[in-house]
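These protein sequence lines are chains A and B, in that order. The opening residue of the first sequence carries number 20 in the working numbering; numbering runs sequentially from there. The opening residue of the second sequence carries number 20 in the working numbering; numbering runs sequentially from there. Glycine included, C-beta positions come from ideal geometry on N, C-alpha and C. Okay, structure first, notes after.
Protein chains: 2
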Amino acid sequence: MSALRFDDWDLPSAAPQANATVDAEKQAKTEVDRSILQAAPALAPINAADKRIVNGKADINQLAPFKYPWAWEFFLKANRNHWTPLEIGMAQDVHDYHHKLSAAERHVFENVLAYLTTSDILAMRNIGLAVMEKMSAPELQIYQARQVYEEALHTWTYQHCIESIGLDQQEIYNRYRVVPEIHGKIALANRRLEKVLRSDFDLEDRANLHEFALSYFFFAVIFEGCWFYNGFTPVFALQRRGLMKGAAEQLQYIMRDEVLHCAFGIRVIRELLIEENLTLDPATLRELWDEAEAAETAYAGYILREPVLGYNAELHVAQFRFIANRRARQVGVAEPFPGAENVLPWLDEQANLRKEKNFFETRVTEYQTGGALAWE
Amino acid sequence: MSALRFDDWDLPSAAPQANATVDAEKQAKTEVDRSILQAAPALAPINAADKRIVNGKADINQLAPFKYPWAWEFFLKANRNHWTPLEIGMAQDVHDYHHKLSAAERHVFENVLAYLTTSDILAMRNIGLAVMEKMSAPELQIYQARQVYEEALHTWTYQHCIESIGLDQQEIYNRYRVVPEIHGKIALANRRLEKVLRSDFDLEDRANLHEFALSYFFFAVIFEGCWFYNGFTPVFALQRRGLMKGAAEQLQYIMRDEVLHCAFGIRVIRELLIEENLTLDPATLRELWDEAEAAETAYAGYILREPVLGYNAELHVAQFRFIANRRARQVGVAEPFPGAENVLPWLDEQANLRKEKNFFETRVTEYQTGGALAWE
């Protein structure tokens, strides 16, 4: 990568752009309308009680006092979890992929990556475009600013894995459009996103508010809390056999972020339902779960069309149902799949691994010297 | 701060929320409409040439191939610049503020913080709400996801300074509403933001496209590139005399981020003008500069109503004009204030300081152990 120097942009000898030349006459100074620069009305500081999850009237530009101190804690926690994909070695993975994985295992690995790359760009766009603007308390927007960035960091991670291993980027990125079983999950998510991105969408309207709550539930609870949580498992299954350990470690860090996103989302939903005295329609929720299960079943059938040692499509879907029940309990709605069992007890164990490794001691030299930036 | 554990949210014994109870009948599984899960049309991978800054038609979910590889470099560079406010000691600043600063110096310091806190929340909202959605190439959105986060990180930094020194948060955050000279700058920015947030805004329309380019120019070039760049100077003036060195170091890191934001923005504007064959109307630009200068002059008059050693309002405004000319040259438009001189040569010197300190070796213990997160 060529070095980026800010003073690349300090170009005193560059000719002005042809379409932005000086018009000497028009350059004469103008009379400034000073009305906008005049006194603001003397307003009292905001009250925390006036803040709301959505539809709040309190000044959005004032961080304190907090109404949702837990949101600020999520922000601080997320910052303490900071990591980047460059800190994890991928050399052994390159060897594993080309020399140790079976064709069925390569199929699993590539398609999980293809699904995740598209999913995380979508997750970023959902928070950035459909959610953040609707949150009317700055402490909520601030956690979501971090969340938007983390989704971008995950996209970088997949890109880093794809590049390290030498896969065809263009083909991997396009796979979600040509493989129906990957496309199905993305299409369900896009449908939710489109519903709340309509320009006439108005959260003062109860039907729209319910639509927004459902969409938020879908992304936080199902998309991030079930599909993502469960989506890393096939690669963890390889990791348990000593394969693709670098990629798996990357995914463990992503999973830690996603668990926080899901936890934050569940907290927001619970508060939103109380603040707005809103009920999630059980019949609509039922449809949501059933669609999610059908999409996950099709997806599992494709990525695991041949089982790999110790892991198959049935286990994948059974685990989805078990996680879905947990998320439902966390939100306080009915379990969608009563009686689903924990068929992969090692998954939570894998997730629970405390990351004792201190990244900041082991980080690579290039990263350490990142502070030496030449700027103007 | 209480420890945040994800399993706080795993509440198996919690009663379901009253407004989200189970309706046994409705819980019966539904018939899933499988049409959305069916085959996607077989589409070819995207071509980089089809990407556009705005109004692009290429699939937004596919990162590679890049059309704007420089945007990806900005993203990587920004990640290498990562820092957090907890890494910089503030103990001496607490002493300085309460025992060494004169009343005039405290006035400068507090009002600079009050202006910056509000400005950075607004900067975050501008990118998150008004800009990111309009960028139609994922590599542009991804840098802006990092940018949105950095603005939130800056807000955290001001909050950390305010809290460390023991200022009244509520009063500081509200100051922009009751001090006309601070309010003026924020009001100008809000007016720009509102113009491009209209629900009927359409970038296929040439007049709207010009409005968007102007707004983007305002935020990247004036708001971040001039007002922010110049806005840290009063605190650097204290730093040069050995005062408030912790806060000043925080601002140096923020300034490094802001310089990258401005550089990225200028690059986007230049490409946008070429791609869209668009000219920024010189008369409108003239008004923009003159309003910005009037607002900066009023602001400088307030924060520096008494000069502090080696620094006064006239120098502040003269420096604004000098920086404005530099930014104009960088974009390729006419210098707004021909002949403006570099009255504070030490500012660029201060900004040019290479940060040789390796944060990752000196970071505090709390941050180092942040990796040990208990999760479900």
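Proximity test, residue i beta-carbon vs the ligand NAD heavy atom, cut-off 7 Å
{"i": "B:His202", "result": "Absence of the ligand NAD from the depicted structure is noted, as is the absence of any ligand whatsoever, leaving it without description."}
Integer Cβ distance of residue i from residue j, believed to fall under 8 Å
{"i": "B:Ala171", "j": "A:Arg165", "result": "6 Å"}
{"i": "B:Asp309", "j": "A:Val51", "result": "5 Å"}
{"i": "A:Leu11", "j": "A:His229", "result": "Residue 11 of chain A is absent from the structure shown; chain A starts at 20 and stops at 395."}
{"i": "A:Ile205", "j": "A:Ser155", "result": "Wrong, their Cβ atoms sit about 29 Å apart, outside the cutoff."}
{"i": "A:Ala90", "j": "A:Glu158", "result": "4 Å"}
{"i": "B:Cys245", "j": "B:Ile140", "result": "The Cβ separation is near 19 Å, so there is no contact."}
{"i": "B:Val73", "j": "B:Leu291", "result": "7 Å"}
{"i": "B:His101", "j": "A:His101", "result": "7 Å"}
{"i": "A:Tyr195", "j": "A:Thr137", "result": "4 Å"}
{"i": "B:Phe242", "j": "B:Ala208", "result": "6 Å"}
{"i": "B:Arg345", "j": "B:Glu312", "result": "The Cβ separation is near 15 Å, so there is no contact."}
{"i": "A:Ala232", "j": "A:Leu334", "result": "Contact flag wrong, Cβ pair sits at about 32 Å."}
{"i": "A:Leu135", "j": "A:Phe237", "result": "Not quite, the Cβ-Cβ distance comes to about 18 Å (not below 8 Å), so this is no contact."}
Endpoints, the alpha helix (DSSP H) within which residue i is located
{"i": "B:Trp175", "result": "Pro157 to Ile184"}
{"i": "B:Trp246", "result": "Note, B:Trp246: premise wrong, no alpha helix (DSSP H); not H, not E."}
{"i": "A:His280", "result": "Lys264 to Glu294"}
{"i": "B:Arg99", "result": "Pro88 to Arg99"}
{"i": "A:His118", "result": "Per DSSP, A:His118 belongs to no alpha helix (DSSP H) and is neither H nor E."}
{"i": "A:Ser234", "result": "Arg225 to Phe236"}
{"i": "A:Ile67", "result": "As written in the sequence, residue 67 of chain A is Ala, which differs from the Ile given in the question. Premise fails: A:Ala67 is in no alpha helix (DSSP H) and is neither H nor E."}
{"i": "B:Gly203", "result": "Pro199 to Val215"}
{"i": "A:Val254", "result": "Thr252 to Gln258"}
{"i": "A:Ile322", "result": "Pro301 to Ile322"}
{"i": "B:Gln349", "result": "Ala332 to Val350"}
Closest Cα partner of residue i within the set the options
{"i": "A:Val240", "options": "A:Leu279, A:Leu132 and A:Val254", "result": "A:Leu279"}
{"i": "B:Thr303", "options": "B:Leu216, B:Lys70, B:Tyr272 and B:Arg211", "result": "B:Arg211"}
{"i": "A:Val197", "options": "A:Arg144, A:Tyr272 and A:Ala133", "result": "A:Ala133"}
{"i": "B:Glu152", "options": "B:Leu222, B:Arg260 and B:Ile184", "result": "B:Leu222"}
{"i": "B:Ala337", "options": "B:Glu169, B:Ile191, B:Gly358 and B:Ile322", "result": "B:Gly358"}
{"i": "A:Ile288", "options": "A:Ala347, A:Arg259, A:Pro253 and A:Gln271", "result": "A:Ala347"}
{"i": "B:Thr103", "options": "B:Val362, B:Thr176 and B:Ala47", "result": "B:Thr176"}
{"i": "B:Val167", "options": "A:Arg144, A:Gln189, A:Gly185 and A:Asp187", "result": "A:Arg144"}
{"i": "A:Lys48", "options": "B:Lys70, B:Glu333 and B:Ala353", "result": "B:Ala353"}
{"i": "B:Ile201", "options": "B:Ala314, B:Gln369 and B:Asn227", "result": "B:Ala314"}
{"i": "B:Ala282", "options": "B:Ile107, B:Gln349 and B:Gln271", "result": "B:Gln349"}
{"i": "B:Glu401", "options": "B:Ile191, B:Ile146 and B:Gly185", "result": "Only positions 20 to 395 of chain B appear in the structure, and residue 401 of chain B is not among them; the question remains open."}
{"i": "B:Glu368", "options": "B:Phe94, B:Asn344, B:Ala256 and B:Glu312", "result": "B:Ala256"}
{"i": "A:Lys264", "options": "A:Ala110, A:Ala59, A:Phe93 and A:Glu312", "result": "A:Ala110"}
{"i": "B:Leu95", "options": "B:Arg71, B:Leu120, B:Ala58 and B:Ile161", "result": "B:Ile161"}
{"i": "B:His402", "options": "B:Leu307, B:Ala59, B:Ile65 and B:Ala266", "result": "Since the first residue of chain B shown is 20 and the last is 395, residue 402 of chain B is not available in this structure."}
{"i": "B:Glu106", "options": "A:Glu106, A:Leu105, A:Ile107 and A:Arg99", "result": "A:Arg99"}
{"i": "B:Pro355", "options": "B:Asn331, B:Leu363, B:Gly320 and B:Arg305", "result": "B:Arg305"}
{"i": "A:Ser54", "options": "B:Glu213, B:Gln81, B:Leu186 and B:Pro199", "result": "B:Pro199"}
{"i": "B:Ala83", "options": "A:Val131, A:Ala232, A:Arg71 and A:Ile191", "result": "A:Ile191"}
{"i": "B:His187", "options": "B:Arg345, B:Glu129 and B:Lys70", "result": "It should be noted that the sequence gives Asp, not His, for residue 187 of chain B. It is B:Glu129."}
{"i": "B:Leu120", "options": "B:Val362, B:Ala319, B:Gln189 and B:Arg260", "result": "B:Arg260"}
Per-residue burial, residue i [other beta carbons within 10 Å of its own, 16 or more giving buried]
{"i": "A:Trp365", "result": "exposed"}
{"i": "A:Ile293", "result": "exposed"}
{"i": "A:Ala33", "result": "Confidence at A:Ala33 is low in this model, with a pLDDT of 38, below 50, so the placement of that residue is unreliable and no value is reported for it."}
{"i": "B:Asp115", "result": "buried"}
{"i": "B:Asp112", "result": "buried"}
{"i": "A:Asn249", "result": "buried"}
{"i": "A:Gln414", "result": "An answer regarding residue 414 of chain A cannot be provided, because it is not within the stretch 20 to 395 covered by chain A."}
{"i": "B:Lys76", "result": "exposed"}
{"i": "B:Leu56", "result": "buried"}
{"i": "B:Arg225", "result": "exposed"}
{"i": "B:Ala317", "result": "buried"}
{"i": "A:Arg275", "result": "buried"}
{"i": "B:Glu182", "result": "exposed"}
{"i": "A:His118", "result": "exposed"}
{"i": "B:Glu380", "result": "Residue placement at B:Glu380 is flagged as unreliable, the pLDDT there being 36, under the threshold of 50; a coordinate-derived value is accordingly withheld."}
{"i": "A:Arg373", "result": "Note on A:Arg373: pLDDT 48, under 50, position unreliable in the model; the coordinate value appears next. A:Arg373 comes out exposed."}
{"i": "B:Ser234", "result": "buried"}
{"i": "A:Gly185", "result": "exposed"}
{"i": "B:Glu360", "result": "exposed"}
{"i": "B:Arg286", "result": "buried"}
{"i": "B:Ala61", "result": "exposed"}
| said: Contact between the segment 314-329 of chain A and the segment 123-140 of chain A is defined here as three or more beta-carbon pairs at a separation below 8 Å; is this criterion met? | reply: yes
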